[in-house]
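Novice: For reference, the structure I am asking about is given below.
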Amino acid sequence: MILEDARKVLSEGHVCDHCLGRLFGRLSTGLSNSERGKAIRVVLSLEDDVRNEQFLHSGGVCWICNGLFEQLPMWAKRALDALREYEFHTYLVGTHLSGMLAASEEMAWSMLSELHAEPLKAEINREVGKLIGEATGKDVDFEHPDVVVLLDLEGDAVEVKPSPIFIMGRYRKLIRGIPQTRWPHRACRGKGCEGCGFTGRQYPESVDELISAPVVEAFLAKDTAFHGCGREDIDARMLGRGRPFVLEVISPKRRTIDLEELERVINEHAEGKVEVKGLTYTTRKTVERLKAAKYPKRYRIKVLLEHEVSPELIIHALEDITSNRIAQRTPKRVAHRRADKVRYRRVYEARLVALEGTWAEIELRCESGMYVKELVSGDEGRTVPSLSQLLGVGASVEELDVLDVEDESFLAETN
Numbered sequence: 001m002i003l004e005d006a007r008k009v010l011s012e013g014h015v016c017d018h019c020l021g022r023l024f025g026r027l028s029t030g031l032s033n034s035e036r037g038k039a040i041r042v043v044l045s046l047e048d049d050v051r052n053e054q055f056l057h058s059g060g061v062c063w064i065c066n067g068l069f070e071q072l073p074m075w076a077k078r079a080l081d082a083l084r085e086y087e088f089h090t091y092l093v094g095t096h097l098s099g100m101l102a103a104s105e106e107m108a109w110s111m112l113s114e115l116h117a118e119p120l121k122a123e124i125n126r127e128v129g130k131l132i133g134e135a136t137g138k139d140v141d142f143e144h145p146d147v148v149v150l151l152d153l154e155g156d157a158v159e160v161k162p163s164p165i166f167i168m169g170r171y172r173k174l175i176r177g178i179p180q181t182r183w184p185h186r187a188c189r190g191k192g193c194e195g196c197g198f199t200g201r202q203y204p205e206s207v208d209e210l211i212s213a214p215v216v217e218a219f220l221a222k223d224t225a226f227h228g229c230g231r232e233d234i235d236a237r238m239l240g241r242g243r244p245f246v247l248e249v250i251s252p253k254r255r256t257i258d259l260e261e262l263e264r265v266i267n268e269h270a271e272g273k274v275e276v277k278g279l280t281y282t283t284r285k286t287v288e289r290l291k292a293a294k295y296p297k298r299y300r301i302k303v304l305l306e307h308e309v310s311p312e313l314i315i316h317a318l319e320d321i322t323s324n325r326i327a328q329r330t331p332k333r334v335a336h337r338r339a340d341k342v343r344y345r346r347v348y349e350a351r352l353v354a355l356e357g358t359w360a361e362i363e364l365r366c367e368s369g370m371y372v373k374e375l376v377s378g379d380e381g382r383t384v385p386s387l388s389q390l391l392g393v394g395a396s397v398e399e400l401d402v403l404d405v406e407d408e409s410f411l412a413e414t415n
């Protein structure tokens, strides 16, 4: 059956040893496709008499690959030239076939009684990969390569696609008025207008950008993507140990950076607005865990009361808050970007720290997802019970600090 299939394919014109052997590449091991092709050609010539020149000789242009395998050293050289700009330890080669090559391969496969062929792309990837490995001493990694070299046969181009790098750490936001991530201007949605000075920004800077700028420069990267374990309000500070985050470094040309030195550079660049610590390399799985995490958080809030009340009344109200499940309908201030529904959360701890006139300082430990400002104000009845409701006076949060994100289980899983 193998020989009959080989005869059919050869009857269409010259086929190189690589392509002839590859058509039966999954039937045996221990031979390269080229060696297998030569062996099939010899057997055919012996069976059909050496006078059948098309079986014995392997000259001419292959009708399946159009002589591509003779050009593989050239493609490998182009790949090596492109890779010179990149630091990498492992790599993988991928190929985009031209329409003509894909059609020729499909035609050859249609002639086979059973399909045992190795795809053309697979052999190109392997053979060019070998040449790159011999030249660089680097290793192929099929799961998590540092770079992927894409051979675009149709576009006659070579593209290097570096895998992203993931850096985990904690950040502290030491001033108010900075969003966690880049915030497009509301009116123009980031396109630029007179209202934003044609910057496209609602705010001139963000935690993300203050951290990312030195990272992009250090890794010679195109950009970054910021992944935080939740986010604090723009007018809130993030204090204590800081909030866990992962920074995804996109298309880096460098991969090995001293993170202690990078930490120092970031903190110097942020000029006391933001501070990072504990930077370590991690993987994409950490991002997935971070996004799914639901950790309790500790807050310190400064509350303005409409009228003076006794400390005993506040303490009693806080006891009621911790003993009841809080029902929160989506706050009006975020209703434009969140689904309108009722969420139920717990306040685990609540303590009055100080009371002076109509100002109260309170510390809270809450379930993840609690809207703390609305827990105090009641949001016109959308949060029940609220501190305002229990005290019988209007109350609002004037200052909010996040003191801790209790992520010990996350750190244990990561480390």
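In full-length UniProt numbering, the protein residues as written are 1 to 415.
Ideal Cβ positions, reconstructed from N, Cα and C, are used throughout, including at glycine.
1. Taking the continuous beta strand (DSSP E) assigned at G169, which residues delimit it?
2. Using only alpha-carbon positions, find the residue among A350, A395, R365, L68 that is nearest to E374.
3. Distance check for V353 and H316, CA to CA, integer angstroms please.
4. Work out the CA separation of A117 and G25 for me, nearest whole Å.
5. So if DSSP puts G94 in a beta bridge, which residue, or which two residues, is it bridged to?
6. Per the contact definition of three or more C-beta pairs closer than 8 Å, is the region 144 to 163 in contact with the region 81 to 101?
7. Excluding five sequence neighbours on each side, which residues of the same chain lie with their C-beta closer than 7 Å to the C-beta of P252?
8. Provide the residue span of the alpha helix (DSSP H) that contains D407, from first to last.
9. Measuring alpha carbon to alpha carbon, tell me which residue in Q71, R170, Y348 is nearest S323.
10. Under 8 Å, do K294 and R237 count as touching if we go by C-beta distance?
11. Out of G230, I234, D235, which one is the CA nearest neighbour of R243?
12. On the three-state DSSP scale, how would you describe G190?
13. Based on the DSSP output, what are the partners of F245 in its beta bridges?
14. Can you name the residues that DSSP bridges to M238?
15. Take E232 and list the residues in its own chain whose beta-carbon comes closer than 6 Å to its own, dropping the five residues that flank it on each side.
16. Cβ of H96 within 8 Å of Cβ of L151?
17. For V384 and A327, which I take to be in contact (beta-carbon distance under 8 Å), what is that distance rounded to the nearest angstrom?
18. Taking the beta strand (DSSP E) that C366 belongs to, which residues open and close that run?
Specialist: Quick answer:
1. 165 to 173
2. A395
3. 14 Å
4. 5 Å
5. L150
6. yes
7. P162, I165, F219, L220, A221
8. It is not in any alpha helix (DSSP H) - D407 carries neither H nor E in the DSSP assignment.
9. Y348
10. no
11. G230
12. coil
13. G169, G228
14. K173, V402
15. M238, V402
16. yes
17. 5 Å
18. 359 to 366
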